[in-house]
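Asks: Structure incoming, see below.
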Amino acid sequence: MSKYILLTIFLALCAGTINAQNQWKPKGTLYSDKNIHIEIEYLLSPDGCTEQQNSSYFRYKIIRIKPIRDYYINWRFDFFNCDNELKTQINSLHILKKTKTGIITPKENSFTFKKMSNYYNDVKVSNDLPDIGSYQPKTAFSMEPIAINGKKDIQSGDSTILTLKGGYLGPGASWMWYDGECNGTLLGKGTSLKLSPDRTTTVFVRASTPESSSCISTEIRVKQGSLAAKAILGRNTICEGEQNIALSLSGGKLFGQAKWVWYAGSCTGNKIGEGSSINVSPERTTTYFVRAENGNDQTVCQSFQIVVNNKSNIPNGIEGAQIITYGAESVLKIVGGYLAPGAQWIWYKGSKTALQQVATGAVLSTGPLYADEVFSVRAEGDCNQTAFISRTISVSNKPYQDPINRSGKTSFIVNGGVVFTEPSNVGKSDNYVITIGSGGRIGWFARVKLSSKNNTTAAFQTNNISLTDYNMAGYYSYNGEVINKRSAYTAGIFLGGNKVSAYLGGGYGMRTLLWGINQYQYGDNGSYAKSYASHTGKSYKGAELELGLMLRLGLFNLMGGASSLQFKYTDFNIGVGFNL
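Residue numbers (mature numbering (1 follows the signal peptide of the UniProt record, and there is no 0)): -20 to -1, 1 to 560.
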């Protein structure tokens, strides 16, 4: 009998405990004003995220109400779901005038949670249902992730990236990663962690400061062994015939008795050597492989291709006109030959001792030619510089060119002559001109004019050649002698052909006209003194203009032209000289 009594008491206690756990619990005032007072109650299931997946509920308890009008009380609450994600639930209580005090249970009041963030939030009174808006859930604490994702089984030396599933960071908190234990060596911060452990290790993570969450962990299992090379270093392009091309490893690590083994063609192809470096001499494009080996323990292969380029070959010939007329052009084209990658055809003109590069490519347009010319071409650049092949272009119908100034080449000019006013007194002139210059079809010259009477000066100036009283004890009279003194300094340019050129210049000049006079003294029985007077009306000085022609014939030249002094006095000049 006592057994039945004890069993009854035990069942009663269990039922009481279950009822206590499943009781509705008030969580505060949802809304209150002078007309209404509403509290919120929850029936929370602690095993919502377990296999039972029991739901939780909420309801309203109206403590006070006046039948004034209908309206809505719109509100939210925030919670963590079974993936430890912070969520929000929007709710609305429709208050009618006829609503009475007591318990109101909404139709949709169930939810599943792992942890509550708050029980009511963003409470508003409205005349309508709430808008979803851009509301963000709120919480004052962090929630740990539900899992750590990433590659958990790695080879020694490899890296892995760990990421978090779920979880939430409260205000000011951050994810902290640790090695070995929850407060062990700090590995990093953030939502992900990249690490390369050299041994099997356990990694922990939690939200830290100001409100720390619980830790979760995962094990990274590291398999010890050799590490594959990261790259093969060396020249990836060579020319045919090159030998002993060095290849070496970058990165990687040998474990235990492992060694580096090299292959050609494939990772299981022809074995060609061992060690961290090797010299190869491929005759054609070949791919080389290397891996760490220790019996059956082998790393993945690293590969490297060497491209073998053929050498450039000399062309078979050059196509194009070999004889052209004066001023025409020829188009030259390479026939045959081979260019290695990275090489190009380079064209030159001139003799082998004075080559001048003129173009690149398989075709050359010579441009107008006025003299015979030799054009040469060869391959230059990577993989062999070939020998030259050449083609001579002959120019026909060339115009005659004097030996000194052929093709307008520069010559130095020296010329001397006389200055005169009329052809009849060329041989009687006391004025001379000297010219020097230099050029071909275009050139320059400088000129000076001098008088042999330069030391003859005037005693006085006058415009009257008749008998004139000095207001002294004598007179003078014109004796018929005339002296024309010239001097000038000019310079200019000439241009034209190989033989005939025109010249034009300017500078400063002077012309003085002197009259010969006899000076008599009164009462001196007709004796006189010879002197000169300058004619002021016919004497000039100032700007002087030169123009004329120059004829060049071999070693000699002939110049002739006219000069104008202030456009008031004009004379002529003619001279002969040498081309040097």
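Note that CB positions come from ideal geometry on N, CA and C, so glycine has one too.
Let me make sure I understand the geometry here. Which of 233, 519, 235 and 259 has the alpha-carbon closest to that of residue 242?
Replies: The residue with the shortest Cα to Cα distance from residue 242 is 259.
Asks: With 16 as the cutoff for other CB atoms within 10 Å, does residue 179 come out buried or exposed?
Replies: Per the 10 Å Cβ criterion, exposed.
Asks: How is the beta strand (DSSP E) around residue 553 delimited, first residue to last?
Replies: Per DSSP, residue 553 belongs to the beta strand (DSSP E) from 549 to 559.
Asks: Could you pull out every unbroken beta strand (DSSP E) segment of at least 3 residues lying fully inside the stretch 487 to 553, listed in chain order?
Replies: Taking only runs of at least 3 residues, the beta strand (DSSP E) segments lying wholly in the stretch 487 to 553 are 508 to 515, 520 to 533 and 536 to 545.
Asks: Among all the DSSP beta bridges, which residues are the ones paired with residue 253?
Replies: Paired residues: 242.
Asks: In chain order, what residues of the same chain have a beta carbon less than 8 Å from the beta carbon of residue 256, not counting five sequence neighbours either side?
Replies: So the qualifying residues of the chain are 228, 229 and 240.
Asks: Following the continuous beta strand (DSSP E) through residue 6, name the residue where it begins and the one where it ends.
Replies: Taken as a continuous stretch (DSSP letters only), the beta strand (DSSP E) holding residue 6 covers 5 to 12.
Asks: I'd like to know whether the C-beta atoms of residue 415 and residue 555 end up nearer to each other than 8 Å.
Replies: Taking 8 Å as the Cβ cut-off, residue 415 and residue 555 qualify as a contacting pair.
Asks: Let me know the secondary structure DSSP gives residue -8 once reduced to three states.
Replies: The predicted position of residue -8 is uncertain, since its pLDDT is 46 and thus under 50; a value taken from the coordinates is nonetheless stated next. Here residue -8 sits in helix by DSSP.
Asks: Given a cut-off of 8 Å on the beta-carbon distance, is the pair residue 494 and residue 512 in contact?
Replies: Yes, the pair counts as a contact, with Cβ atoms nearer than the cut-off.
Asks: How long is the line joining the alpha carbons of residue 11 and residue 59, rounded to whole angstroms?
Replies: When rounded, the distance between both Cα atoms is 20 Å.
Asks: Am I right that residue 17 and residue 44 are in contact with their C-beta atoms under 8 Å? What's the rounded C-beta distance?
Replies: That belief holds up - the Cβ atoms of residue 17 and residue 44 are roughly 4 Å apart, short of 8 Å.
Asks: Looking only at its own chain, which residues have a Cβ that is under 8 Å from the Cβ of residue 524, when we skip the five neighbours before and after it?
Replies: Counting only Cβ-Cβ distances below 8 Å, and skipping sequence neighbours, we find 468, 470, 486, 487, 488, 489, 543, 544, 545 and 546.
Asks: Does residue 408 come out as helix, strand or coil in the three-state DSSP assignment?
Replies: Helix.
Asks: So the candidates are 417, 412 and 20; which of them puts its Cα closest to the Cα of residue 465?
Replies: Considering only alpha carbons, the answer is 412.
Asks: Is the stretch 202 to 210 in contact with the stretch 124 to 132, if contact means three or more CB pairs nearer than 8 Å?
Replies: As far as the Cβ criterion goes, the stretch 202 to 210 does not touch the stretch 124 to 132, which means the pair count is below three.
Asks: Can you check whether the CB of residue 312 is closer than 8 Å to the CB of residue 346?
Replies: Closer than 8 Å, so yes.
Asks: How long is the line joining the alpha carbons of residue 552 and residue 340, rounded to whole angstroms?
Replies: Cα to Cα, residue 552 sits roughly 56 Å from residue 340.
Asks: What residue does the beta strand (DSSP E) around residue 268 start on, and which one ends it?
Replies: Its beta strand (DSSP E) spans residues 266 to 274.
Asks: Measuring alpha carbon to alpha carbon, tell me which residue in 62, 9, 40 and 22 is nearest residue 28.
Replies: For residue 28, the nearest C-alpha among the options comes from 62.
Asks: Give the DSSP bridge partners of residue 142, in chain order.
Replies: The partner list for residue 142 (beta bridge, DSSP) reads 173.
Asks: Taking the Cβ atom as the reference point for each residue, do residue 567 and residue 238 lie within a distance shorter than 8 Å?
Replies: Missing from the structure shown is residue 567; the chain here goes from -20 to 560 and no further.
Asks: Roughly how many whole angstroms lie between the Cα atoms of residue 162 and residue 47?
Replies: If you take the alpha carbons of residue 162 and residue 47, they lie about 58 Å apart.
Asks: Only counting the same chain, and skipping five residues up and downstream in sequence, which positions put a Cβ closer than 8 Å to that of residue 529?
Replies: Closer than 8 Å at Cβ, skipping near neighbours: 480, 481, 482, 483, 539, 540 and 541.
Asks: Under the rule that 16 or more other beta-carbon atoms within 10 Å means buried, what is residue 282, buried or exposed?
Replies: Burial call: buried.
Asks: Excluding sequence positions up to five away, which residues of its chain have a Cβ less than 8 Å from the Cβ of residue 559?
Replies: So the qualifying residues of the chain are 384, 385, 391, 392, 393, 532, 534, 535, 536 and 537.
Asks: How would you label residue 456, buried or exposed, when you count the other beta carbons within 10 angstroms and need 16 or more for buried?
Replies: Counting Cβ neighbours within 10 Å, residue 456 comes out buried, since at least 16 surround it.
Asks: Give me the Cβ distance between residue 265 and residue 288, rounded to the nearest whole Å; I'm assuming they're in contact under 8 Å.
Replies: Between residue 288 and residue 265 the Cβ distance is about 5 Å, and since that is below 8 Å, they are a contact.
Asks: Taking residue 430 as the reference, give the member of 400, 478 and 225 with the closest Cα.
Replies: Comparing Cα positions, the closest option is 400.
Asks: Please name the residue in 306, 358, 140 and 424 whose C-alpha comes closest to that of residue 320.
Replies: Nearest option by C-alpha distance: 358.
Asks: From residue 234 to residue 247, what does the alpha carbon distance come to, in whole angstroms?
Replies: Answer to the nearest angstrom: the Cα atoms are 18 Å apart.
Asks: Counting only the same chain and skipping the five closest in sequence on each side, list residues whose C-beta sits under 8 Å from that of residue 81.
Replies: Cβ neighbours of residue 81 beyond the five flanking positions: 42, 43, 44 and 45.
Asks: Going by DSSP, what residues sit across from residue 305 in a beta bridge?
Replies: 376.
Asks: Determine whether the beta carbon atoms of residue 103 and residue 55 lie at a separation below 8 Å.
Replies: Yes, Cβ-Cβ distance for residue 103 and residue 55 is below 8 Å.
Asks: Could you name the residues of the same chain whose beta carbon sits closer than 6 Å to that of residue 428, not counting the 5 residues immediately before and after it, in chain order?
Replies: Excluding residues within five positions, the ones whose Cβ falls inside 6 Å are 414 and 469.
Asks: By the three-class DSSP mapping on this structure, what secondary structure does residue 1 have?
Replies: Summary for residue 1: the model assigns pLDDT 47, below 50, so the residue's position carries little reliability, and this model does not support an answer.
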